[in-house]
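J.:
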Amino acid sequence: METLALLKEKGFKQAIITNKETRYTEKIIAAHGLGQYMDMVIWPYSSIHRKSNIL
């Protein structure tokens, strides 16, 4: 998590790209506290999903 936080602080855009279904991906991201570091999540059978606070 330290690396993710440092990259976010330095302004790097970060994303999760997965082949898991949305319902599982959201649970995994939340369980591991990754959402705060990610700017985008991409999963199958959908368009690109961006966090709601992205400009």
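Numbering (my numbering), first residue to last: 556 to 610.
Every residue, glycine too, gets a C-beta built ideally from N, C-alpha and C.
On a predicted model such as this, the values are computed, not experimentally measured, just so you know.
Nearest by alpha-carbon distance to M593: which of G566, T558, I571 and P599 is it?
T.: Among G566, T558, I571 and P599, the Cα nearest to that of M593 belongs to I571.
J.: Which same chain residues, not among the five before or five after K563, have their C-beta less than 7 Å away from its C-beta?
T.: Excluding positions up to five away in sequence, the list reads Q569 and Y592.
J.: What span of residues does the alpha helix (DSSP H) with T573 cover, start to end?
T.: No alpha helix (DSSP H) contains T573, which DSSP labels as neither H nor E.
J.: Quick check: what's the CA-CA separation for T580 versus T558?
T.: Roughly 21 Å separates the two Cα atoms.
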